[in-house]
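Note that the protein sequences, when read in sequence, are chains U, S and F.
The working numbering numbers the first residue of the first sequence as 1 and each following residue consecutively.
The working numbering numbers the first residue of the second sequence as 1001 and each following residue consecutively.
The working numbering numbers the first residue of the third sequence as 2001 and each following residue consecutively.
Below you'll find the structure, written out as C-alpha cells, and then a few comments.
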Amino acid sequence: MTDTFRPGVRDEEILSLEGVSLWLSGREILHDVGFSLHAGELTGLIGSNGAGKTTIFRVILGLETPSAGKVLFAGHPRQRRSKSIGYVPQSTGLDADVPLRARDLVALGLDGDRFGIPLPSRSRRQLVDEMLEAVDAQGFADARVGKLSGGELQRTLIAHALIAKPRLLLLDEPLANLDIRSEQEVVGLLAKIAKAHAIAVLISAHEMNPLLPVMDRVVYVASGRAASGPTEEVVREDVLSALYGHHVDVLHVHDRILVVAGKDETHHTELERTHTVVPRGLG
Amino acid sequence: MFSGFMVNAWIVATMVAVVAGIIGFFTVLRGSAFVAHAVPQAGFAGAAGASLIGVSTLAGLGTFAAISALSIGFLGKRGRHDAVTALALVFMLGLGALFLSWSEEYASAIYALLFGEVLGVSSNQVLATAALGVVCIAAVVILYRPLLLTSVVPEMAEARGVRTHRMELCFLVVVALVTTMSVPVVGALLMFSLMVGAPGAARSFTDKPLSALSLSVGISVAIVWTAIAASYETDWPVGFFVGVLGAVFFIAGRGWVAWRRSAAGRVDSTGHLATGPMQLATATGMNGEPT
Amino acid sequence: MDAILTSIFEPGFFTSEPVRVAVVVGGAVSLVSAVVGVFTVIRGQSFAGHSLGDLGTTGGAGAFLVGANPLWGFVTFAIIGAGAMELFGARRPRGRDMATGIVLGAGLGIAALFLYLGTTQSNTTGATITILFGSMFVIRASMIPVFALLSVLALAVVALLYRPLLLSAVSQDIASARGVPVRVVGALHLLAMAVAVSLSCVTIGAILSTAVLIGPAAAALRLTKRPGLAIAWAAVIGLAVTWLGILLAYDSYYWPPAGRGWPVSFFVVALILVVYLLADLANGQKARRAGPRAIASDKGPGVVAGRAWPSWPPEPGAE
C-alpha cells in the first residue's frame, strides 16, 4: 500500500540506497553503495560496462536482494515489484513482425498486468493519446513497432513506462544505440518529463557527456563502488581516483568532460585502499 | 461429407482450428516456435504408449505433452538449445515407434499419429476436445493482457510485478492442451505448420494485435476446413493439406509484405516515413547484455 | 562362460547375413555421421542437420512412390536442401527458423502424400516405418559398395577440409583473411552433411537421423576440448552405440511383448541419449574437481542451435 501513486512533491526523496553491498557467486559486485533520488530530478548513473550499473538497477527493482544495506522507496522498505517504478530496459526482444502498433504497446503499459481482455473505452484511448503526445509520438502511433527507428521505439517504451504513473523511472542505457539527434531528443524529453510529472529519473550510461546539460546529479560507479552528488562535486580527480583505486585525470574540453586513466596506477597507500574515501549523499 | 460420422469430424476439426489459431498467435509472438515442434513429438510417444496399453489416446497424448511442456518451462530458454533437448525429443519419437511396434496396428497407427486422421472421431472425443477447447480459450481470455505483456516486453513486465515465469508455465500448459486436441486430427509432425503457419501469415497482413489474432484464427479455420474436405474427397492424408496450405498462406503473407515494401518505397502503410532499421533490438543481445 | 556369451550374443548372431550387413553398413554410416557431426556441432549448424533429415523424409517417400531405392531419394533431396541452404545463407535470424520450419512442414506433408499414394499403389504397408524409422536389417548386401563409396566421399571431404573448417568455425573473417574460401568450405561441409544424413536416413530413419549426426559429436565435445580427440571419441561412440543397438535389437527378438524384436533405431537413439547424459555427468565431475573457476559455462559444449565450441576458442557470443 505504500507504493501507491500520490501526486509528486518536488524534491521529495523517492528512493534511497544506504550501504548496499551485494555478493554473487563469491564475488563482491557492489560495495557500500549509497545515494538518493528526488522527485523532479534527473540523475545519471555513470560507469563503464561491468562496473555495476545493471546490478544497481536490479537491486532497485527488487530483482536482487542486497547482502547488506537498505533500499528505501518513499521512506519505506522496498517491496518487491511495484507499479510505481517504471523501467525501460536496454533492449527488447521485439522482432520486426510483431503485430503491435506503437499505441498498442503504450496501452499495454496502462494495464498489461491485469487479467482479461481490455474493453475499448474512450478514457483509455485518451490516456494513451496523452502519453503519445507527451513523448511526441503521435506521428508514428499507428506504425508497427518493428518498423520504428531506435529513437522512436525508445520514446514509445518511455511512454509505456510513463503511462502507469510511476514515481521513479529507470532507463538502462537508453542512449546506447542512438544517433546524435535522437540522443538529444531523448535526453531533452526525459528532463522535461522529470520536471513536468515530478518523477525521479535515473538514467544509466557509460558516457556522461550527452547527459551533462540536463543531469541534476550523478552517481558514478566503478568496480562496484559509487560516488554520488552534483556533477561538479563528484567528477573530480580526487573523488574519482579514490573510486577507481588508481589515478585518473579529469579533463574539461569545451563543455565536455573526459575521464582518463592516469599514468601511475599504483600510487595509493594501503590506508587509502582500505579506507572508503567515497563522498556519498552530498545532496 | 456432412452426414453421420463426419459431423463429429467437422466439429472437432473446427474446435482444433480455432484453438490452434489462438495459441499459435501467442506461440509466434513469444518466439516459442520450438515448443510447437517439441510438445507434439513428445505427445506422439504418449499416444503410442496409450494405444498400446489400451488407454485413451488423448490421455496418453495429454500426459506426455504436459510433462514435456513443463520440462521445457523449467529448463528455461537455455534448454531450447541444448543437445539434451534435441536428443530427448528424438528419443521420444523413437519411443513412440517402439510402442507402436508392439501393437498390431504398427504401420497405420504410426501414420495416423504422425500425419493426421480425419475419420474415426468418436463422440467421446468430441466431448473431450470441446472440454479442452473451452479450457484453452478461457485461459487465453483471462491471461490475455499479462501474456501479451510478457511476450512483448518481458523485462518491463518483470519489473512491474508480473510473474513472467508463471506466465510461461501457464502458457506451456495451454500449449500442451492444444497439442492434445490437435494431434489426432492434423498429426504430430504437422502441428507446427498449423500452429505457426496461420499466425505467421496473419501478422503479415495487419499491425493490430487483436486483428492479427482474429486473422490467425480465420486462416487456421480455412486451412483445417479445406484439409478435411479435401482429405474426405481424395482420401489423401490431412497432414498433406495442412502442411502445404500452411506454407502457402505463410508465403503469401511474406509475399504481401515484400510487395508492399517495394511498391511503397520507404513509406509504410500509415504514411510514416521509415527512418531506419530498428536499432535497439539488434545492437545488444537478446537479454540485454551488451555485445 | 559359454552360457554368458550365448545370453549376450543370441544364437545365430554372428552367422546371420542381415546382421553382418547391418554391422558393416550401420557401423560405417554411424562413423561418418559422427565425424561429420563434430564439425556440424562446432559450426553451430545442428538445425541445418535436422532440416536435412526432414527433407530426406520427402525424398525417401518420393523414391518409394516411384519405386526407386529410398537412398537415392534421400540423397537427392538432401543435396537439393543443402544447395538451398547455401543459396539463402546459413545465418539464422529469428524469423528464419520459423520460415524453415514451415517449408519443412510442407515437405513433410508431401512426404505423407507420397507414402500414402505409394502404399495404396504397391499394397505394402511397411514403407512409412522404413523411411521414417530406418531399416538397418533389410539392407541388401549388394548395396554395400554404394554405401562405402558415399561414406568415403563424405569422410574425404571433411578430412581435406579439416583445418579450414575449424578455422572458419572460429571466425569467418579470420579465415577469409587467411585466404580460406569460406563460402566454398561451407558449401562442401553442407554437402558432406547431406551425404551423411541421407546415409543415416536409411539405417536409422529420416526423422531420427539427427541423433546419430549430433549425438556422438555433442557427447564427444563434452569429454574433450581438442578437435582431433573429439572426432576420435565421436567415432568410437557412434560405432559403439550402433553395434550395441544392433546386438540388442537382435537379442530382443524373443523379448516381450510382441515376439517381433524391438526396432534397432530405438536402441541406437536411446543409447545415444544415455551416452550423452553420461558424458555430461563426467564433464560436470571433472569441472567440479578442477575447482569453481573451471565449471563449464551454461552455454557449454553440446549447444545445438548456437555456438557449441566449449572453451576453445572463447565464446563468440550467442547467436
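Using N, Cα and C, we set each Cβ at its ideal position, and we do this for glycine too.
Note that the structure is predicted; figures quoted are calculated from it, not measured.
- Threonine 2224 of chain F sits in coil when the DSSP states are folded into three classes, being neither helix nor strand.
- Fully contained in the segment 73 to 103 of chain U are the following beta strand (DSSP E) runs of length 3 or more, in chain order: 85 to 88.
- When C-beta distances to chain F are compared with 9 Å, the residues of the segment 1101 to 1114 of chain S below that value are Ser1101, Trp1102, Ser1103, Glu1104, Tyr1106, Ala1107, Ser1108, Ile1110, Tyr1111 and Leu1114, in chain order.
- At a C-beta separation below 9 Å, alanine 2270 of chain F has these neighbours in chain S: Phe1091, Gly1094, Leu1095 and Leu1098.
- In the three-state scheme derived from DSSP, where H, G and I count as helix and E and B as strand, arginine 144 of chain U is classed as strand.
- As DSSP reads the structure, phenylalanine 35 of chain U sits in a beta bridge with U:Leu17.
- Not one beta carbon of chain S lies nearer than 7 Å to the beta carbon of alanine 2048 of chain F.
- By the Cβ neighbour-count rule, aspartate 113 of chain U is buried, with 16 or more other Cβ atoms within 10 Å of its own.
- Here DSSP, grouped into helix, strand and coil, assigns threonine 2100 of chain F to helix.
- With a threshold of 16 other beta carbon atoms within 10 Å, alanine 2068 of chain F falls short and is exposed.
- When the alpha-carbon of aspartate 1082 of chain S is set against those of F:Tyr2276, F:Ala2234, F:Gly2238 and F:Leu2188, the nearest one is in F:Tyr2276.
- For glycine 44 of chain U, the enclosing beta strand (DSSP E) begins and ends at 42 to 46.
- Within 10 angstroms of the beta-carbon of phenylalanine 2133 of chain F lie 16 or more other beta-carbons, which makes it buried.
- Taking the C-beta atoms as reference points, alanine 1050 of chain S is found nearer than 7 Å to threonine 1057 of chain S.
- When C-alpha distances from leucine 1127 of chain S are compared across S:Val1162, S:Phe1074, S:Gly1243 and S:Ala1013, the shortest belongs to S:Ala1013.
- Taking a C-beta cut-off of 8 Å against chain S, the contacting residues of the segment 89 to 100 of chain U are Pro89, Gln90, Ser91, Thr92, Gly93, Leu94, Asp95, Ala96, Asp97, Val98, Pro99 and Leu100, listed in chain order.
- DSSP, reduced to helix, strand and coil, places alanine 137 of chain U outside both helices and strands of the structure shown, so it counts as coil.
- Between the alpha carbons of leucine 2031 of chain F and glycine 2238 of chain F lies a gap of roughly 6 Å.
- Where valine 1141 of chain S is concerned, the enclosing alpha helix (DSSP H) starts and stops at 1123 to 1152.
- For histidine 252 of chain U, the enclosing beta strand (DSSP E) covers residues 248 to 253.
- Look at serine 228 of chain U here: in three-state DSSP terms it is strand.
- With a cut-off of 8 Å on Cβ pairs, the segment 1015 to 1022 of chain S is in contact with the segment 1171 to 1190 of chain S, counting three or more such pairs.
- Comparing alpha-carbon positions, the option among F:Ile2004, F:Pro2257 and F:Val2268 lying closest to phenylalanine 1099 of chain S turns out to be F:Pro2257.
- DSSP lists U:Gly44 and U:Leu171 as the beta-bridge partner residues of isoleucine 203 of chain U.
- Rounded to the nearest whole angstrom, the CA to CA distance from leucine 153 of chain U to arginine 2222 of chain F is 42 Å.
- Scanning S:Gly1096, S:Pro1209 and S:Val1224 for the CA closest to the CA of leucine 1149 of chain S turns up S:Pro1209.
- Looking at the backbone, the Cα of isoleucine 2272 of chain F and that of serine 2200 of chain F are separated by about 14 Å.
- Phenylalanine 1005 of chain S sits exposed, since fewer than 16 C-beta atoms from the chains shown fall within 10 Å of its C-beta.
- Taking one beta carbon from each stretch, the segment 33 to 44 of chain U and the segment 207 to 217 of chain U have 3 or more pairs nearer than 8 Å; the two touch.
- Taking 7 Å as the cut-off between beta carbons, the residues of the segment 1195 to 1207 of chain S near chain F are Val1196, Gly1197 and Gly1200, in sequence order.
- Taking a cut-off of 8 Å on C-beta distances, the segment 140 to 148 of chain U touches the segment 90 to 99 of chain U, as three or more cross pairs fall below it.
- The Cβ of alanine 2112 of chain F sits closer than 7 Å to at least one Cβ of chain S.
- A direct Cα-Cα distance of roughly 7 Å separates alanine 39 of chain U from arginine 167 of chain U.
- Here aspartate 11 of chain U is exposed. Its C-beta has fewer than 16 other C-beta atoms within 10 Å.
- Taking a 10 Å sphere around the C-beta of aspartate 1207 of chain S, we find 16 or more other C-beta atoms and assign the residue as buried.
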